[in-house]
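Going line by line, the protein sequences match chains U and E. The first sequence runs contiguously to residue 121 in our numbering. The second sequence runs contiguously to residue 1047 in our numbering. Here's the structure, in structure tokens; my notes come after.
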Amino acid sequence: MSDTAQDFQKLLTEAIRKQIIILGPQITLLKAHNVPGMTVSEDGTVIALSGNPSDVVTQFLEQFREISGPLLKKTMKPLLSTLSPNQPDSHSENSAISENQKTGSSASQINQNH
Amino acid sequence: MLLIISIIAIGATIIFGIAAIMYSMREEKAIKQLVDNELKQKQRLFEITMMKEIQDRIGYSLEIEKIIDVITGSLDALLNYSSVSALVLEKDRLQFKTHVKEAVSKQYIETIRSSLLRSYATIENLDTPTIPEGNISGVALDDLNHALPVSSFNVPMIVNDRAVGIINISSTKPKGFTEAEMTTLYKIAAQTSEALSRLENILTVEKGKLMAMIGSLADGLFMVDVNGQLTIINNAAKEFLGIPVDKPSTIDLLSALPNTYDFSGKIQRAINHKRVIEEKEVTIDQKIFQIFITPVFDVSITTEKKVIGVSVLLHDITLEKSVAKMKEDFTNVMVHELRSPLTAIKASSEMLIAPPGPLSEEERKKIIGLIAQQSRKMLDEVALILDAAKLEAGLFTIQKIPGDLKQLINERVQIFQAPAHEKFINLTVDIDPSIPMFNFDPIHIGQVVNNLISNSLKFTSSGGTIKITAKPAIGSVVVSVSDTGAGIPKDKQHLLFSKFTQLSGAEHGSVGTGLGLYIVKGVVEAHGGTVNLDSEEGRGTTITFNLPIDGAKQTAPDQHPTILPANKPPKLVN
């Protein structure tokens, strides 16, 4: 597994564990399991990623945006910033996601930010 | 043949069997679809009902506790649960409450409470807060029930980037809630949070407008809630009550309220009786106020009037009271001033009509002279009142003709030499001979000089000096009347040129209408000039006025006057 994929995996694990505290394990794991290309253990650890990691992040954020957009924006800044590092904070999480979908953010952005 | 028939029969059986299985599967799928649709409809209906109820019951209130009560109170229609709990942020304080449907243990509730506090701390990136135990309602707890919340989920409500509440729904059963059920609640919470954010923004803008409006009021205004806590106070109220801090607390307000007026008691009365309390005249720190204490009602409740606080308006009537007193004093003085000559005229006339004995020719002449003198005095007073009335109505006019101000001043000074001599006052005059002839209204400027010298005579004691000077300046002539009299206190100087101001001259045995300096100012300003006062109590007073020199002439006076209304710049006459 490349360093970049591992970085994504680590960020996603952190995000899931944070959401487990905020929302509870049941809904968090249900939403995480809905993300294609991501395998998550019962304690919230991302054990495998397949495909483009930034696509996985986009899908992941979309799942949690359905729960609460403002909560996503407030609690998942590290993940959001991997998608659009140059976007000002005022941009919504939706625009961050769609921006990524349009351009396909490069995995190297993670290393620049973290 | 038999074999063929058997094969056909078996084949037919298999085909029918497969068809039956397929039909059965299709039916099962259709039933499942039907059940799913029914569930979706039920959830959708719950969502719509809930949103309508939230809208109806909340109105324009931002009370998050109420909103959470509406959501948690309707959960039975959506899912089965053991407890529903909430952490609510109200007035910057967190409160925990829970409703128990199944007899769970205290430990169970504590687990939920900790989960909510951790959730809040994580959202807000804070240390886990400690809060009081909170309220528990519903069925009685059973500490023998060792079941724990195996299934639970939190629904945060984020309003304008702040977590204002978190709802927790829990169950003792594993996988107690479906994703669809949980998603429905998240949708409701998201929509409610969005609506609240919008409402909060609108209210913030409106509150800003209201605060700006209240802030700009000349009247003092402050509001307290039913618990006596200060909610709003404007700058005028802070100034009236002498509160030096920018954002005063309730304690600051309470300590500033005067002991002479029972604010707290009156506020409580307004709340209890739900009616306005009006105080016509209350003195606070040497100022006089009208006070209105008005109960403020909760507009979101239409069925009954619920008081949520009171507004206290302080209307400063010090000036009105002062003007009213000045008017009263003026009327008294006017009556006195007109009555005195009338009494003298009446008595003198009666002596002429029905003398108790024969009058000599000399006595007759003396009496007639007295009548003439008193009549003139009365006419002068009436003319003064008329001029003041014209000035006030903007109808005062002057008639400018070329004239010699030096001569006019000298003439007026001569008139006052005798009374000054009688009072042992040294009346001197210093007029610059280079003052040219120029256009002015000789009658009214004569009146100005008269009034100023007359005032100085009233307020200067024996042995004092009155000095009149006149000299040219650039484009104008400057005239000043100085005395070594009583002087005018600083706090009364601003009243000096007001219409009804009558500075006390009782100690000098002098009274007057108080219109003199009002007329002086009006006449000089009608000429386009200004009047200045320089006075020090106990040392004397100098009043200086200047008249613009327009159309200055060195030759004989032009007999065609320029007529100007008061308060307008004079025209140049060439």
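We put the CB at the ideal spot given by N, CA and C, even for glycine.
Cut-off 7 Å between Cβ atoms - residues of its own chain near residue i, not counting five sequence neighbours on either side
i         : result
Ser822(E) : Ile844
Asn618(E) : Ala576, Val577, Ser578
Arg742(E) : Ile750
Gly782(E) : Met696, Val697, Asp698, Val699, Thr704, Val769
Thr545(E) : Val557, Ala559, His572, Ile640
Gly611(E) : His572, Val573, Lys574
Gln26(U)  : Thr35, Phe71
Burial state of residue i (16 or more Cβ within 10 Å)
i          : result
Glu835(E)  : exposed
Met655(E)  : buried
Gly693(E)  : buried
Val508(E)  : exposed
Val718(E)  : exposed
Ile815(E)  : Inspection of the sequence shows that residue 815(E) is occupied by Leu rather than by Ile. Leu815(E) is exposed by the Cβ-count criterion.
Val678(E)  : exposed
Phe803(E)  : buried
Thr486(E)  : exposed
Val53(U)   : buried
Asp860(E)  : buried
Lys80(U)   : buried
Asp50(U)   : exposed
Phe489(E)  : exposed
Tyr554(E)  : buried
Asn1019(E) : buried
Phe897(E)  : exposed
Leu825(E)  : exposed
Residues of its chain near residue i, where Cβ-Cβ distance is below 8 Å and the 5 sequence neighbours each way are ignored
i         : result
Ile541(E) : Ala559, Val561, Met630, Gly638, Ile640
Lys779(E) : Phe770, Asp771
Pro602(E) : Leu567, Leu590, Tyr593, Ala594
Ala979(E) : Low confidence applies to Ala979(E): its pLDDT is 40, below 50, so where it sits in the model is not reliable, and the reading given next is rough at best. Excluding positions up to five away in sequence, the list is empty.
Gly948(E) : Pro1021, Ile1022
Gln70(U)  : Lys38, Ala39, Asn41, Val42
Leu441(E) : The displayed coordinates of chain E run from 474 to 1047. Any statement about residue 441(E) would go beyond what the structure contains.
Below-9 Å beta-carbon distance, residue i vs any chain U residue
i         : result
Thr656(E) : yes
Asn627(E) : yes
Arg499(E) : no
Thr645(E) : no
Lys539(E) : no
Phe519(E) : no
Phe770(E) : no
Glu652(E) : yes
Lys515(E) : no
Ser556(E) : no
Ile631(E) : yes
Lys753(E) : no
Asn641(E) : yes
Lys648(E) : yes
Ser624(E) : yes
Chain E contact for residue i (CB, 9 Å cutoff)
i         : result
Gly51(U)  : no
Leu122(U) : Here chain U has residues from 8 to 121 only, and residue 122(U) is not among them.
Leu56(U)  : no
Glu73(U)  : yes
Leu30(U)  : yes
Glu100(U) : Low confidence applies here, because Glu100(U) scores a pLDDT of 43, under 50, leaving its location unreliable; read the following figure in that light. No, because no Cβ of chain E sits closer than 9 Å to the Cβ of Glu100(U).
Asp23(U)  : Checking the sequence, you will find Ile at residue 23(U) rather than Asp. By this cut-off, Ile23(U) is not an interface position.
Leu37(U)  : yes
Gln33(U)  : yes
Any C-beta of chain B under 9 Å from that of residue i
i         : result
Ala636(E) : Although the question refers to chain B, the structure presented lacks it and instead comprises the protein chains U and E.
Cutoff 6 Å; reference residue i; Cβ partners in own chain excluding five residues on either side
i         : result
Leu658(E) : Val628
Lys940(E) : Thr901, Ser955
Between the segment 954-971 of chain E and the segment 1011-1023 of chain E, do three or more beta carbon pairs fall short of 8 Å?
Here the segment 954-971 of chain E makes contact with the segment 1011-1023 of chain E; the two share three or more CB pairs at distances below 8 Å.
Which residues, in chain order, does the segment 77-88 of chain U contribute to contact with chain E at a C-beta distance below 9 Å?
Within the segment 77-88 of chain U, the qualifying residues are Pro77, Leu78, Lys80, Lys81, Thr82.
What residues in the segment 659-690 of chain E have a beta carbon less than 9 Å from any beta carbon of chain U?
Residues of the segment 659-690 of chain E whose Cβ lies closer than 9 Å to any Cβ of chain U, in chain order: Tyr659, Lys660, Ala662, Ala663, Ser666, Glu667, Ser670.
Check whether the segment 848-855 of chain E touches the segment 885-895 of chain E, counting contact only when three or more Cβ pairs, one atom from each stretch, lie closer than 8 Å.
Contact fails: fewer than three Cβ-Cβ distances are below 8 Å.
Counting Cβ pairs closer than 8 Å, one from the segment 29-44 of chain U and one from the segment 56-66 of chain U, do we hit at least three?
Cβ pair count under 8 Å is three or more, so yes.
If we count Cβ pairs, one from each stretch, closer than 8 Å, do we get three or more for the segment 680-695 of chain E versus the segment 705-725 of chain E?
The way I'd put it, the segment 680-695 of chain E does touch the segment 705-725 of chain E; three or more beta-carbon pairs between them come closer than 8 Å.
Against chain U: residues of the segment 581-598 of chain E by CB proximity under 8 Å
Correct list: Ser588, Arg591, Ser592, Thr595, Ile596.
Can you confirm whether the segment 933-945 of chain E touches the segment 905-915 of chain E when touching is taken to mean that 3 or more C-beta pairs between the two stretches lie within less than 8 Å?
Three or more beta-carbon pairs drawn from the segment 905-915 of chain E and the segment 933-945 of chain E are found closer than 8 Å, and the two stretches are therefore classed as touching.
Does the segment 512-528 of chain E come within contact of the segment 640-650 of chain E, defined as at least 3 CB pairs closer than 8 Å?
Because the criterion of three Cβ pairs below 8 Å is not met, the segment 512-528 of chain E and the segment 640-650 of chain E do not touch.
Please list the residues of the segment 595-621 of chain E that have a C-beta atom closer than 9 Å to any C-beta atom in chain U, keeping them in chain order.
Within the segment 595-621 of chain E, the residues whose Cβ lies closer than 9 Å to some Cβ of chain U are Thr595, Ile596, Glu597, Asn598, listed in chain order.
Between the segment 930-939 of chain E and the segment 907-917 of chain E, do three or more beta carbon pairs fall short of 8 Å?
No, the segment 930-939 of chain E does not touch the segment 907-917 of chain E.
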